[in-house]
Each structure stands twice: as C-alpha cells, then as structure tokens.
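Undergrad:
Protein chains: 2
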Amino acid sequence: MRRLHHHPLCPFSRKVRLCLGEKRLDAELIEEKPWERPPHLLALNPAGNLPVLCEAENGPTVADAQAIAEYLDEAHPDPGLLGPDPKARAEARRLTAWFDHKFFDEVTRHLWGQKLWSRLAGGPPPDSRVLRAGKANIHTHLTYIAWLAERRRWLAGNSLSLADLAAAAQLSVIDYSGDVPWNDHPLAKDWYARLKSRPAFRPLLADTAPGITPPPHYADLDF
Amino acid sequence: MRRLHHHPLCPFSRKVRLCLGEKRLDAELIEEKPWERPPHLLALNPAGNLPVLCEAENGPTVADAQAIAEYLDEAHPDPGLLGPDPKARAEARRLTAWFDHKFFDEVTRHLWGQKLWSRLAGGPPPDSRVLRAGKANIHTHLTYIAWLAERRRWLAGNSLSLADLAAAAQLSVIDYSGDVPWNDHPLAKDWYARLKSRPAFRPLLADTAPGITPPPHYADLDF
Chain A
4 MRRLHHHPLC PFSRKVRLCL GEKRLDAELI EEKPWERPPH LLALNPAGNL PVLCEAENGP
64 TVADAQAIAE YLDEAHPDPG LLGPDPKARA EARRLTAWFD HKFFDEVTRH LWGQKLWSRL
124 AGGPPPDSRV LRAGKANIHT HLTYIAWLAE RRRWLAGNSL SLADLAAAAQ LSVIDYSGDV
184 PWNDHPLAKD WYARLKSRPA FRPLLADTAP GITPPPHYAD LDF
Chain B
4 MRRLHHHPLC PFSRKVRLCL GEKRLDAELI EEKPWERPPH LLALNPAGNL PVLCEAENGP
64 TVADAQAIAE YLDEAHPDPG LLGPDPKARA EARRLTAWFD HKFFDEVTRH LWGQKLWSRL
124 AGGPPPDSRV LRAGKANIHT HLTYIAWLAE RRRWLAGNSL SLADLAAAAQ LSVIDYSGDV
184 PWNDHPLAKD WYARLKSRPA FRPLLADTAP GITPPPHYAD LDF
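Chains A and B are the protein sequences, given in the same order. Using our numbering, read the first sequence as starting at 4 and increasing by one per residue. Using our numbering, read the second sequence as starting at 4 and increasing by one per residue.
(1) Counting pairs of Cβ atoms below 8 Å between the segment 190 to 198 of chain B and the segment 122 to 135 of chain B, do you hit three or more?
(2) For residue 94 of chain B, count the other beta carbons within 10 Å of its own beta carbon; 16 or more makes it buried, fewer makes it exposed. Which is it?
(3) Identify, in the order they occur along the chain, each residue of the same chain with its Cβ nearer than 7 Å to the Cβ of residue 53 of chain A, setting aside the five sequence neighbours on each side.
(4) If you reduce the DSSP assignment to three classes, tell me which class residue 55 of chain A lands in.
(5) According to DSSP, is residue 66 of chain A part of a helix, a strand, or is it coil?
(6) In this structure, does DSSP put residue 134 of chain B in helix, strand or coil?
(7) Mind checking if residue 97 of chain A is an interface residue toward chain B, Cβ cutoff 7 Å exclusive?
(8) Nearest-angstrom Cα distance between residue 165 of chain A and residue 40 of chain A?
(9) Would you list, in sequence order, the uninterrupted alpha helix (DSSP H) runs of no fewer than 4 residues that lie entirely inside the segment 21 to 54 of chain B?
(10) When you compare the CB positions of residue 119 of chain B and residue 175 of chain B, do they come within less than 7 Å of one another, or not?
(11) With a 10 Å radius around its C-beta and 16 neighbouring C-beta atoms as the bar for buried, classify residue 45 of chain B as buried or exposed.
(12) Rounding to the nearest angstrom, what Cα-Cα distance links residue 168 of chain A and residue 57 of chain A in this structure?
(13) By DSSP, does residue 160 of chain A sit in helix, in strand, or in coil?
(14) Suppose you measure from the CA of residue 114 of chain A to the CA of residue 138 of chain A; what does that come to, to the nearest Å?
(15) Counting only Cβ-Cβ distances shorter than 9 Å, please list the residues of the segment 32 to 55 of chain B near chain A, keeping chain order.
(16) Run through the DSSP bridge pairs and tell me what residue 215 of chain A is partnered with.
(17) Excluding the five sequence neighbours on either side, which residues of its own chain have a C-beta within less than 8 Å of the C-beta of residue 81 of chain B, listed in chain order?
(18) Taking Cβ-Cβ distances shorter than 7 Å, what residues in chain A pair up with residue 101 of chain B?
(19) According to DSSP, residue 197 of chain B sits in a beta bridge with which residue or residues?
(20) Interface residues of chain B around residue 89 of chain A at Cβ under 8 Å?
(21) So, do the segment 138 to 154 of chain A and the segment 101 to 114 of chain A have three or more beta carbon pairs nearer to each other than 8 Å?
(22) Who are the Cβ neighbours of residue 142 of chain B in its own chain at under 8 Å, not counting the five residues just before and after it?
(23) Closest Cβ-Cβ distance between residue 66 of chain B and chain A: below 7 Å?
(24) Look at residue 207 of chain A and residue 222 of chain A and say whether their C-beta atoms are less than 7 Å apart.
(25) Using a 10 Å radius around the Cβ and a threshold of 16 neighbouring Cβ atoms, would you call residue 59 of chain B buried or exposed?
(26) If you measure from the beta carbon of residue 93 of chain A to each beta carbon in chain B, is any gap under 7 Å?
(27) Give the straight-line distance between the Cα atoms of residue 149 of chain A and residue 89 of chain A, rounded to the nearest whole angstrom.
(28) With respect to the beta strand (DSSP E) encompassing residue 7 of chain B, which residues constitute its N-terminal and C-terminal limits?
(29) Residues in the same chain with beta-carbon distance under 6 Å from residue 203 of chain A, minus the five sequence neighbours each way, listed in chain order, please.
(30) Rounding to the nearest angstrom, what Cα-Cα distance links residue 211 of chain A and residue 182 of chain B in this structure?
(31) Listed from N- to C-terminal order along the chain, which residues in the segment 182 to 199 of chain A have their beta-carbon within a distance smaller than 9 Å of any beta-carbon of chain B?
(32) Looking at the unbroken alpha helix (DSSP H) that takes in residue 176 of chain A, where does it start and where does it end?
(33) What residue range does the alpha helix (DSSP H) around residue 99 of chain B cover?
(34) Is residue 105 of chain A close to chain B? Criterion is C-beta to C-beta, closer than 7 Å.
(35) Around the Cβ of residue 61 of chain A, are there at least 16 other Cβ atoms within 10 angstroms (buried) or fewer (exposed)?
(36) For residue 70 of chain A, which residues in chain B fall below 7 Å Cβ to Cβ?
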C-alpha cells in the first residue's frame, strides 16, 4: 500500500494529504518526528524533512511536498489540481509557491514555529516579538486571499487547485493554535469554510497533538 | 518579444535564464532592483521578487522561478528539462527544490546575501559569523553533488535537468564572489565545468555588477 511519512501538524504534510484526499487516493500514514533526524527518514529523504511518499510495490519514493504534489498530478491526473493549460497552471504554481514559501516565511514560521513546533520538538518558549511579527503579517495574506476569492471562485481560477490546498494547509496549522483572525477577513473565512467542508479536509480536523488542544472552532465547519 | 525581468546576480533569475538558453528561447532582459520595490515590478508580481517572465503578445505573465521553469517546460517542451516519466520528473523536482531552498537557505543566503546582495542593495557590512556558517555548509552540498555526479551523468539522472540548472545557478553567484572551494571537491568541479561550457551558460559568465569584480577563474571554462 502507498505510505506517507508525515507529521499531523506539519503544513507541508497536510498539503500532500489534501492532494491525496482530493484525488481519492488511500495512503497509510506513518507519523515521524523529523527533529530527531531518524536514520530511516534520512535514508528515504536526505533532506530529512517531511513529507515523503512511498508508492506501493515498485513505485517511486518521492520527497519534497511540491515534487510529491506534481508527481501525484502526473501519475493520478483525475481530478487535475493545476489547471487545464500552461497559463492557468502557471498561476496555480505561482500561488502555491506564495503560500509554501512567502506565507510560510512571514507567518507560519513565526507562529507555528514558535508555538507548536517548538513545543512538540522541545524548543525554547515562544519569543513574543516573533509572535507579534507573525500576527501582524497574517493580515496582508488574508487580505490577498480575500482579494483573490472575490474575483475568482477559487484562488487560482474557477477550479479548485493546489494553490487552495497549499494555502489551507498553512492556515490550518495556525488555526490549530487559534491564531487566525477570521472575523477581520470575512471573504477569506468564506473561502476557508468552503475548503473545510470538503471530505479531503475531514481527517485534518480530527488530528491532535499530545498536550496541545486546538480551540473549539478548529474542527467546527460553521465557525 | 518575450521579456524577463531579472537581476544579473539573482540566482533564481539565473536559473530561468539557463532554462531559456537550453531551450534556445530568446528574451529581452530587463534589469530590476527589487530591493527598491518598484511599482511596475509589484504590478507584475505582488510578491515583489525576481524573476518575472512576460511572454510575447497576448501570452501570460509568470512569476516565481519554479512556476516559470515549469511553464517553459510545458509551453516549449523541446528539450524537456524534467525527464521522461513521473518517477524521473519527481527526482528532478526533488533536487531542484533541494538547491532552490535548502542550498539557498544554508549557503547562498549566508554568502551571497551578505556579500553581494547587501552591497548591491546598500545593506550593512557582512557579518563574519554568518559568512563562516555559509562557508562551512557549502562542503556538505558539494559532497552531495559529487556523490550524485559519480553515480549519474547529471544530477537527477542521465539527462541534463532543471536540477543541474538550479544547482549551477546558486553556485554561479557564489563563485562570482570567489567562495566556492572547488579544489576540495574535484567531482563537483568536473560536473560544474561541463555545465559552464554549455552555450546557455555563456551570458552568465559575461555578467558584471558595478563595483564588484569576480575572481579571474569565474569566467574561465578551464578553471
């Protein structure tokens, strides 16, 4: 059977789980602690990060969340998650990179990195200046999501794409620690509510991490 | 005509210029100073970074180096730069991400960020501790390149791929400041010499930046 090495609160693992869910592909989930640098994980992926996909039988082992997402879209093309033509696909990839890198660097790293990852990995207590920076930066991104969602049915166009999944994956881990100011950004909230109600999203809402309880609205579809 | 908004010493701009060169696609190069956040650049790409590709006539505007590379490979598929099948393409994308993100974060950001980018953008003088970290980290990456190049003709397999171009683009800007310890890594040096002698590489070797002179070996094919 297909296996995905992941962590339940890793945004990049979540992006790939959403891809698998949208494509209705099963995978056995193997939880990893990448901060311990386990040798079996380094053997699968010398970069040591998550997620890593191992296809069944003689299928490939694929590391790097975007490489996995592109692989899944090529090997299991229905439904496609990038778009119908090079121009649409370029826009989906531009926005996917926006959330994987820009949003991660400006928001997720500050909030999730300080609060969740540090606690899971036994890091130092959160630095309030870093948390403040993340909490300030998230508004720009939610404003951008709202701007896009007002003009298009989904972030990259009229079809759901990897851009929506990448954005939702990042936001979902921040929402787990209650740090998304949804009420200031109603259009972004509407877009997220549509994603949250999809069957692919359900397993993420059931995830828990030891010692960290999400706020009540986290798993509520009508938040 | 196709236009590429770039900076001559931006490694991500260089990755796309190498793609264009390998595909024998012409582009007018428009030099930008992204650190000044010029409004025309933000209008093309709200992320404000480089490169940005504008296809001729009614063609799309594409931002984000990897989105541009994927777009070029779809819209202009000959020669392909990702590989013949999903497994090979996954490996090319894994390694491309390695150099775009892991190498950039561990090496380029420290050396190029401190020495070249700070100087071009008028930043503070280099921090010797950061430079030391970059100089230590580069050995692991050159060892990995050598390991790959000993087992495969090119980094991701038997054909030249985007992984080679991504790696060479990062290394080329570090080489511009004379910080690549080539003589400690002869197999990596052989691989780079093969890339450096390709016609697509030639324009990069002719680039200069005001006030920063590269070492004599920078443009020497027999370095």
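For each residue, glycine too, the CB sits at the ideal point set by N, CA and C. As the structure is a computational prediction, the values presented were derived from the model and not from experiment.
TA: From the atom records:
(1) A contact is defined here as three or more CB-CB pairs under 8 Å, and the segment 190 to 198 of chain B fails this definition with respect to the segment 122 to 135 of chain B.
(2) As a working mapping, residue 94 of chain B is identified with position 91 in the second sequence. Classification of residue 94 of chain B: buried, given that the 10 Å Cβ count is 16 or more.
(3) On the first sequence, residue 53 of chain A is found 50 positions in, with the first residue counted as 1. These residues qualify, in order along the chain: 8, 9, 10, 13, 15, 16, 35, 37.
(4) Counted from its first residue, the first sequence places residue 55 of chain A at position 52. In the structure shown, residue 55 of chain A sits in a strand (DSSP, three-state: E or B).
(5) Taking the first sequence and counting its residues from 1, the one referred to as residue 66 of chain A is at position 63. If DSSP states are grouped into helix, strand and coil, residue 66 of chain A belongs with the strands.
(6) Residue numbering aside, residue 134 of chain B sits at position 131 when the second sequence is read from its first letter. Helix, per DSSP.
(7) Taking the first residue of the first sequence as 1, we reach residue 97 of chain A at position 94. Interface residue, yes.
(8) Residue mapping note: residue 165 of chain A aligns to position 162 of the first sequence, counting from 1. Residue mapping note: residue 40 of chain A aligns to position 37 of the first sequence, counting from 1. Roughly 28 Å separates the two Cα atoms.
(9) 42 to 47
(10) Reading the second sequence from its first residue, position 116 is the one you call residue 119 of chain B. Reading the second sequence from its first residue, position 172 is the one you call residue 175 of chain B. Contact flag unset, no.
(11) Indexing the second sequence from 1 puts residue 45 of chain B at position 42. Exposed, because fewer than 16 other Cβ atoms sit within 10 Å of the Cβ of residue 45 of chain B.
(12) By 1-based counting over the first sequence, the position of residue 168 of chain A is 165. By 1-based counting over the first sequence, the position of residue 57 of chain A is 54. Spanning the two alpha carbons is a distance of roughly 21 Å.
(13) Here the question's residue 160 of chain A lines up with position 157 in the first sequence. Reduced to three states, the DSSP call for residue 160 of chain A is strand.
(14) The count along the first sequence starts at 1 and reaches residue 114 of chain A at position 111. The count along the first sequence starts at 1 and reaches residue 138 of chain A at position 135. Cα to Cα, residue 114 of chain A sits roughly 7 Å from residue 138 of chain A.
(15) Within the segment 32 to 55 of chain B, those residues whose Cβ lies closer than 9 Å to any Cβ of chain A are, in chain order, 48, 49, 50, 52.
(16) Here residue 215 of chain A corresponds to residue number 212 of the first sequence, with the count starting at 1. For residue 215 of chain A, which the question treats as bridged, DSSP gives the partners A/212.
(17) Translated into positions along the second sequence, residue 81 of chain B becomes position 78. Closer than 8 Å at Cβ, skipping near neighbours: 26.
(18) Walking along the second sequence from the start, residue 101 of chain B turns up at place 98. Contact annotation for residue 101 of chain B against chain A: 50 [CB-CB distance below 7 Å, chain order].
(19) Stepping through the second sequence from its first residue, residue 197 of chain B is reached at position 194. Its beta-bridge partners do not exist; DSSP assigns none.
(20) On the first sequence, position 86 is the one that residue 89 of chain A refers to. The answer, in chain order, is 63, 74, 77, 78.
(21) yes
(22) Working through the second sequence from its first residue, we reach residue 142 of chain B at position 139. Answer for residue 142 of chain B: 184, 187, 188, listed in chain order.
(23) Taking the first residue of the second sequence as position 1, residue 66 of chain B is located at position 63. Residue 66 of chain B counts as touching chain A.
(24) The sequence position of residue 207 of chain A within the first sequence is 204, counting from 1. The sequence position of residue 222 of chain A within the first sequence is 219, counting from 1. Not in contact: residue 207 of chain A and residue 222 of chain A (Cβ atoms no closer than 7 Å).
(25) As a first step, residue 59 of chain B must be located in the second sequence, where it is residue number 56. That one is exposed.
(26) As a first step, residue 93 of chain A must be located in the first sequence, where it is residue number 90. For residue 93 of chain A, the answer is yes, since a Cβ of chain B falls inside 7 Å of its Cβ.
(27) Translated into positions along the first sequence, residue 149 of chain A becomes position 146. Translated into positions along the first sequence, residue 89 of chain A becomes position 86. Rounded to the nearest angstrom, the two C-alpha atoms are 25 Å apart.
(28) Along the second sequence, read from residue 1 onward, the residue named residue 7 of chain B stands at position 4. 6 to 9 is the span of the beta strand (DSSP E), which, as asked, contains residue 7 of chain B.
(29) Residue 203 of chain A sits at position 200 when you count from the first residue of the first sequence. Closer than 6 Å at Cβ, skipping near neighbours: 21, 24, 25.
(30) Numbered from its first residue, the first sequence carries residue 211 of chain A at position 208. Numbered from its first residue, the second sequence carries residue 182 of chain B at position 179. Residue 211 of chain A and residue 182 of chain B: Cα-Cα distance of roughly 46 Å.
(31) For the segment 182 to 199 of chain A, the set of positions with a beta-carbon nearer than 9 Å to some beta-carbon of chain B is empty.
(32) If you number the first sequence from 1, residue 176 of chain A lands on position 173. Counting along the chain, the alpha helix (DSSP H) containing residue 176 of chain A begins and ends at 165 to 179.
(33) Numbered from 1 along the second sequence, position 96 holds the residue referred to as residue 99 of chain B. Looking at the DSSP string, the run of the alpha helix (DSSP H) that includes residue 99 of chain B is 89 to 100.
(34) Numbered from 1 along the first sequence, position 102 holds the residue referred to as residue 105 of chain A. It does: the Cβ of residue 105 of chain A has a partner Cβ on chain B nearer than 7 Å.
(35) Counting from one through the first sequence, the residue named residue 61 of chain A turns up at place 58. Classification of residue 61 of chain A: exposed, given that the 10 Å Cβ count is below 16.
(36) In the first sequence, the residue the question calls residue 70 of chain A occupies position 67. Those within 7 Å of residue 70 of chain A in chain B are 93, 96, 97, 100.
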